[in-house]
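Trainee: Numbering-wise (my numbering), the sequence shown opens with residue 83 and increments by one. Where a beta carbon is used, it is the ideal one built from N, C-alpha and C, also for glycine. Being a predicted model, the structure only gives us computed values, none of them experimental. Take this structure, written in structure tokens, and hold onto it; I'll ask about it next.
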Amino acid sequence: MRADGYQQHYVAMLAVTLMIGCGEVHRVRVIDRIERSGRFTTVDKPLPTLDSIDHVRGSVVEMFGGASIRIDSANPARDRGVNRDQLVSHPESVQTSWVKDGEVAVPTDIASLLLLSAYAHFERAAVYFSELDSIVTENSAPCFYDPHIPISDDLTVSTVDNAAYVPIADLFLIMRTEKLGDIPLALNPGVLAHEYAHRVFYYELWGAELADVEMDPLAANLLGAVDEGVADYFAARIVNDPQFTSHSLDETAAAARDLSTPRQLEVAWLDGTKPTKSGVYDPYPLGTVLAANLWHLVDAIADLDTAVLAAQRSVRIDLSTHGFTYQVGDFEIALLQHLDESTRIYACAELEYTYAAAWNRFSGVCL
Ligand SMILES: [Zn+2]
């Protein structure tokens, strides 16, 4: 497989017609959520970045099936997907099945519907970040559908009913759906926007150079929480749904990630050792404090998205200048520094209660 060379630029997004084989197809029938009703249904969408309906390949992602993915700390995968083939073996192009209904391509089996819907959701996120001038949107990434993932000590992700972004190899994974009755993750636009936001974080905060970073594992935990929080925030923004996880996760898990519920930082979380789940650090509770607070601020701060991206770049510069350490609040403080004075005063007043456990750290930016 290609280890790099995913360099198709976003010029293709300006086109509105898919030129597929013989005859023109202008839209593709996919599953999406209707914002007005909150219901999931089929929608005929133009997918301007999609170059091949047959192989679900475009300038945002390219889908592969049949691959085996080896996730372990000893693998020699390099940043930006260089040597990605050390991690991935036996990828195959996917082949969708579809028919034309007028100018619409209609998938004729579940897998084709799922893959094309997933592309549509990734594209929506990519377009959103492109409009914010995120650097990641210049090259596409592979997405491996239903991969075989051998269990290893390093593996902390569920290999079914899941989706993931693997930063070092710059690739996406969509695991197979076993649990029917909910919206499969590949059909949930918020979930794939969340994964796409991880890719943006990898490029913006880590400069797409994570392979050689040596940092305090507790600081890495705290930054992992920021990564999850920012991904949930952007996902909710992109699909305008602070409860996007509720369509695919069970009630308890979804309630814990509901961005419309106010959250507060706990003292026990400050050192990066807690909370844990099944014996390993759980980044979501701290991440959800950040995400819920950003969501709470969004109506009052027009350019909050820009400030969130700018904070990612600031933390990257700070990490490279001051070494790879991180404390709770560093990201939020960087974000506040990117707001104008009146907006910052407002945001500080809003955040003081939430971040009371670490508020002394904010004294330089919140007077
Ligand atoms: Zn995540």
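Rounded to the nearest angstrom, what separates L421 and S150 at their Cα positions?
Mentor: Taking the straight line joining both Cα atoms gives about 45 Å.
Trainee: Please state if the CB of I113 and the CB of L269 are separated by a distance shorter than 8 Å.
Mentor: Taking 8 Å as the Cβ cut-off, L269 and I113 qualify as a contacting pair.
Trainee: Hey, how far is the Cα of A392 from the Cα of T190?
Mentor: If I take the Cα positions, the gap works out to 43 Å.
Trainee: Give me the residue from L274, E333, K356 with the minimum Cα distance to N303.
Mentor: Looking at the Cα atoms, K356 is the closest of the given residues.
Trainee: For H276, verify whether its CB is less than 7 Å away from any heavy atom of ligand 1.
Mentor: Under cutoff, so the answer is yes.
Trainee: Buried or exposed: which applies to A279, given that a residue is buried once 16 or more other Cβ atoms fall within 10 Å of its Cβ?
Mentor: A279 comes out buried.
Trainee: Could you name the residues that DSSP lists as bridge partners for A337?
Mentor: Beta-bridge pairing links A337 to no other residue.
Trainee: Give the secondary structure of H108 by DSSP, where H, G and I count as helix, E and B as strand, and everything else as coil.
Mentor: Here H108 sits in coil by DSSP.
Trainee: Cβ-heavy atom distance between H452 and ligand 1 below 7 Å?
Mentor: Any question about residue 452 goes unanswered here, given that the chain covers just 83 to 449.
Trainee: Whose C-beta lies closer than 7 Å to the C-beta of H276 among residues of the same chain, with five residues either side of it excluded?
Mentor: A313, D314, A317, listed in sequence order.
Trainee: Out of R162, K261, L386, which one is the CA nearest neighbour of A418?
Mentor: Strictly speaking, residue 418 in this sequence is Leu, with Ala absent from that position. Answer by Cα proximity: L386.
Trainee: Could you name the residues of the same chain whose beta carbon sits closer than 7 Å to that of A429, not counting the 5 residues immediately before and after it, in chain order?
Mentor: Once the five neighbours on either side are set aside, the close Cβ partners of A429 are L379, I383, L418, L421.
Trainee: Within a Cβ cutoff of 6 Å, which residues of the same chain sit near G354, ignoring the five residues on either side of it in sequence?
Mentor: Result list for G354: L300, N303, L304, in chain order.
Trainee: Nearest-angstrom Cα distance between R115 and A193?
Mentor: Approximately 18 Å, taken between the alpha carbons.
Trainee: For my contact list, V188 and R111 are in at a C-beta cut-off of 8 Å; report their separation, rounded to the angstrom.
Mentor: Correct: roughly 5 Å between the Cβ atoms.
Trainee: Rounding to the nearest angstrom, what Cα-Cα distance links D364 and E185 in this structure?
Mentor: Approximately 47 Å, taken between the alpha carbons.
Trainee: Quick check: the Cα distance between P308 and L292, rounded to an integer number of angstroms?
Mentor: The identity of residue 308 in the sequence shown is Val, whereas the question assumes Pro. The alpha-carbon atoms of V308 and L292 are separated by roughly 16 Å.
Trainee: Is P299 helix, strand or coil by DSSP?
Mentor: Looking at P299 - three-state DSSP - the assignment turns out to be helix.
Trainee: Where are the beta strand (DSSP E) runs, 3 residues long or more, that stay fully inside the stretch 132-217, in chain order?
Mentor: Fully enclosed beta strand (DSSP E) runs of 3 or longer: 132-134, 143-147, 180-183, 186-189.
Trainee: Which residues does DSSP list as the beta-bridge partners of F226?
Mentor: In the DSSP output, where bridge partners are listed per residue, F226 has F146, L255.
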